[in-house]
Structure formats: C-alpha cells, structure tokens
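Take a look at the structure below.
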Amino acid sequence: MRWLGWLVGQGLPPAEADAQSLEPGLPYERVVDRSLAAQALCRSLTRVEALAIHGGLSSALAAALDASLGERALDFLCASAERAPIDLRVNLLRTTVKRARAILEGEGIHVEPTPLSKIGLRVRGRANIVGSRAYRDGLIEIQDEGSQLVAQAVRPEAGLVVDLCAGAGGKTLALAAQAPEASLLAADVRGGALGQLERRARRAGVRQLRTLRLAADGGWPSEIVSPVGRASRVLVDAPCTGTGTLRRHPEHRLRLDGPAIAAMPALQASILQRAAPLVAPGGRLVYATCSVLDLENHQVVDDFLSAHQEFTPTPALDLPAALRPLCDERGRLELRPEIHGTDGFFVASLTRAREG
C-alpha cells in the first residue's frame with residue numbers, strides 16, 4: 020500500500036502504478052482506493068515512525084537518530100544505505116604516498132587521493148587489496164578516511180602515547196607512523212584483538228609498540244611501569260553503538276534496541292574515568308567514537324568536563340590544520356557519510372592543566 024501510495028503521490032497514473040505493483044491486474048478503482056489509504060497512513064505517522072520505516076530501524080534507534088540529527092537523519096540514512104568506499108592509509112614508516120600509489124597502479128589497482136586525509140588513497144572499482152604486494156609489504160593499511168582523521172586529531176608527539184581501547188590497532192598503527200619517536204602502549208580488555216595488532220605491527224614495521232591486556236576493572240598490572248601521569252597523549256576510541264558505520268554494518272539497524280543504546284554512555288564514562296589519570300600535565304585526552312548519537316558524544320564529554328575541572332577543550336588551532344575547518348566552535352570534530360563521505364565519527368580533544 021505504501022509503495023502504490025508513493026507512486027500515485029509522485030504523479031504516476033493509476034494504470035502505470037498498477038503495472039508496477041506486486042499484484043498486477045487489480046482494478047484501477049481498487050488501486051486508487053489502496054493508494055489513498057496508504058497516503059492517509061503515511062500522513063498519520065510521526066517523524067520517528069516514518070524514519071524507522073524508511074531506514075528499517077528499531078524504534079529506539081530511530082528515536083535516538085532523530086534526537087541527535089533531527090531533519091538531517093533522513094539524509095544520513097540515505098548515505099548509510101550506499102556502498103562504503105575502500106580507503107587505504109599509506110604507511111609513512113615504509114613509503115610515501117606517491118610511491119605507494121605508483122606501486123598499486125602497477126598492480127592494476129586504481130586509486131585516487133582521499134579528499135580530506137593527506138595520507139589516504141581511495142580505491143576506484145574493485146580490487147584484491149589484501150593480495151597486493153603493497154599490502155603484503157606493509158606499505159598500506161585498509162582504513163576508512165574518517166578513522167585516519169581520528170588518529171590525526173590525536174597529534175602524537177615524543178613521549179608516552181597510550182591507546183586505551185586499541186582493539187586490532189588500526190588507529191594505533193596510524194599513531195605510530197605519525198610519531199616514530201613516541202613510545203606507544205596499546206591496551207585493551209580483548210587479548211585476541213591485541214594479538215592481531217601485534218601481527219599487523221610487524222608487517223607495518225612498527226617497533227616502538229607494547230601491548231597490554233587489561234582486566235575489565237581495576238588498576239594497572241604490577242609488572243609494568245605505571246603510566247599514570249606520564250602520557251603526553253591518551254586516545255580513548257570508546258566502544259559505542261557504531262551508528263556511524265551503518266553502511267558497513269546494516270545489521271545494527273535492528274540489533275540496536277533501547278537497552279543496547281542506553282547502556283553505552285555509562286560504559287564510555289567509566290573508560291574516560293580510567294583514562295584521565297594517565298594524562299600528564301599539559302597532555303591531551305582524546306575521546307572518539309564511531310557513533311553519531313549525541314548521548315554517546317557531546318553528552319559524555321560535557322559530563323566528563325563537569326566532573327574534571329583540570330581538563331579543558333583543546334582549541335581547534337592546536338589541532339592539525341586540515342581538521343580545523345571541520346571542527347565546531349568547541350574544537351570537536353564530527354564526520355558523517357552524507358557530508359564528508361566518511362564513516363560517522365566524533366572526536367573531542369581535552370587538555371590537562373599544567374601544575375602550578
């Protein structure tokens with residue numbers, strides 16, 4: 020009924036609408052009757068109900084997207100229904116962007132520069148990236164352009180850099196390539212993911228990396244020198260709903276129900292609480308998610324700042340030049356597929372006050 024109603028509502032004559040219906044041969048009078056009923060039904064829906072129907076979403080996810088994006092939610096869902104591009108990050112520890120592109124082109128893999136990341140290449144068409152020489156030799160990593168920009172927002176420097184939710188390490192390896200002089204500590208509660216990171220690090224030629232499996236609760240293991248108060252940068256790439264990656268994970272559209280969404284902010288706040296003491300005076304705590312929901316992004320950061328007066332937002336001028344135009348007045352970065360062509364990401368950089 021909704022399909023027929025839409026066809027007639029767009030000005031298609033009933034006979035043509037009938038020809039495209041799932042039940043060809045219906046009398047035109049019945050087609051018109053059904054179409055009018057469908058239009059009346061559509062008019063009776065709330066904006067959230069219409070969003071859920073259009074996007075194939077759980078009611079809870081539709082409500083959360085509407086609360087965060089408002090009328091822009093439909094554009095976001097349309098972009099999230101498209102095929103995501105294959106983006107590559109050039110590993111500057113092993114090569115240059117120019118040379119990596121030449122090697123890929125020589126293997127018949129056609130690429131072009133990514134619009135925002137200066138170290139990214141976007142694949143045109145289909146290609147066996149993992150089977151390429153460039154991948155096997157560690158010259159490139161498969162990484163969405165938005166994820167590359169998250170790592171660039173950290174702006175690592177010499178000293179201790181901690182990736183507290185490292186997982187399989189896509190952003191960890193990007194940090195290592197940006198600051199070869201830094202000492203990297205990649206920590207996570209998932210031992211299997213850290214094992215994958217170690218294998219990837221060997222292929223990428225990353226040597227300044229230590230991995231550490233953490234208990235879900237508690238302090239730092241006694242066998243390591245405590246990083247508390249020593250890190251110049253701490254990245255918290257927090258577990259989240261993943262709403263920014265719906266085009267890669269369409270199953271989230273229905274799996275993300277009310278309890279799954281509601282549980283995230285408390286988890287994210289607890290990880291930030293654990294990360295805060297690691298930051299050295301004058302250092303930065305960078306909070307990131309691949310979500311577009313305010314309750315996981317701005318609200319979590321605002322609550323953290325209210326409880327931790329020693330942290331203040333990092334001015335946008337202290338971020339990499341390429342990111343400054345993308346930040347809001349608070350220096351927070353929001354990336355979305357319908358605007359930037361990347362997965363959806365959120366980044367907030369917070370600076371710890373210097374002592375005295």
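In the working numbering, the protein residues as written are 20 to 375.
No residue lacks a Cβ here, since even glycine has one placed at the ideal position from N, Cα and C.
Looking at the backbone, the Cα of A235 and that of A307 are separated by about 19 Å. As the crow flies, the alpha-carbon of L96 is around 21 Å from that of V366. DSSP places A367 inside the beta strand (DSSP E), whose first and last residues are 364 to 371. DSSP places E90 in the helix class (H, G or I) of the three-state scheme. By the criterion of a C-beta distance shorter than 6 Å, T114 is surrounded in its chain by L158, once the five residues flanking it on both sides are discounted. In the DSSP assignment, the residues bridged to P132 are L140.
Comparing alpha carbon positions, the residue from L88, A100, A223 closest to H73 is A100.
For R209, the three-state secondary structure derived from DSSP is coil. E164 carries a helical assignment under DSSP once its states are collapsed to helix, strand and coil.
8 Å or more divides the Cβ of I128 from the Cβ of V109. Counting along the chain, V181 sits inside the beta strand (DSSP E) bounded by residues 178 to 182. Within the DSSP secondary-structure output, I159 pairs in a beta bridge with V109. As far as DSSP is concerned, V169 takes part in no beta bridge. Beta-bridge partners assigned by DSSP to S202: L179. The beta carbon of L314 sits closer than 6 Å to those of P284, all from its chain and outside the five residues before and after it, given in chain order.
DSSP, reduced to helix, strand and coil, places V320 within a helical segment of the structure shown. Beta-bridge analysis with DSSP links Y306 to V255, A367.
Distances from the CA of S166 to each of L123, S289, D85, L135 were compared; the closest alpha carbon is that of L135. Cβ contact annotation for V142 (same chain, cutoff 6 Å, sequence separation greater than five): I105, V130, in chain order. The continuous stretches of alpha helix (DSSP H) do not include E353, which lies in the beta strand (DSSP E) extending over residues 352 to 354. Looking at the DSSP output, C346 bridges to L352. Each of P300, L111, C346 was checked against the Cα of A195, and the nearest Cα belongs to L111.
Separation of S245 and W239 (C-alpha to C-alpha, rounded to the nearest whole angstrom) is 7 Å. The beta carbons of L291 and V255 sit closer together than 8 Å. Residues A206, D207, V208 of the same chain have their beta carbon placed closer than 7 Å to that of L233, with the five preceding and five following residues left out of the count. Ranked by how close their Cα comes to the Cα of A372, the residues A279, P344, E176, A299 have A299 in first place. Inclusion of S310 and G363 in the CB contact set at 8 Å is warranted, their separation being smaller than that value. For I148 and A326, the gap between their C-alpha atoms comes out near 45 Å.
The criterion of a C-beta distance shorter than 8 Å is satisfied by L123 and A153. Below 8 Å, enough C-beta pairs join the stretch 327 to 339 and the stretch 348 to 356 to call them touching: three or more. Judged by beta-carbon spacing, F323 lies beyond the 8 Å limit of T370, meaning their Cβ atoms are not closer than that value. CA-CA distance, R66 to R293, rounds to 39 Å. Beta-carbon to beta-carbon, D163 and T361 are separated by about 6 Å, close enough to satisfy the 8 Å threshold.
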